[in-house]
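Engineer:
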């Protein structure tokens, strides 16, 4: 089992940062935009080797994910 703690983290920011990095690489000619797919986007995430989430624990009693690991838990 692997346990991740994300402090001062936002899933939306992670996706936006990945999109910016992809756009930079496309503009620099390092990446063909027609080749961008889910695997490509996953490689630009903060922790590209993080597996999909199997168990998500929300300790506050809330039933929403609150911007946490949006990509990985989808």
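Numbering (this note's numbering), first residue to last: 31 to 104.
Every residue gets a Cβ at the ideal spot worked out from N, C-alpha and C, and that includes glycine.
Just so we're clear, the structure is a prediction, and the values are computed from it rather than from any experiment.
Quick check: the Cα distance between residue 95 and residue 41, rounded to an integer number of angstroms?
Structural biologist: Answer to the nearest angstrom: the Cα atoms are 10 Å apart.
Engineer: For residue 44, which option in 76, 87, 53 has the closest C-alpha, if you only look at C-alpha atoms?
Structural biologist: Looking at the Cα atoms, 76 is the closest of the given residues.
Engineer: Closest to residue 37 by CA distance: which of 104, 103, 98, 102 is it?
Structural biologist: For the residues 104, 103, 98, 102, the minimum Cα distance to residue 37 belongs to 98.
Engineer: Starting from residue 93, trace the alpha helix (DSSP H) in both directions and tell me its first and last residue.
Structural biologist: No alpha helix (DSSP H) contains residue 93, which DSSP labels as neither H nor E.
Engineer: To the nearest angstrom, how far is it from the Cα of residue 31 to the Cα of residue 84?
Structural biologist: Whole-angstrom Cα-Cα distance: 10 Å.
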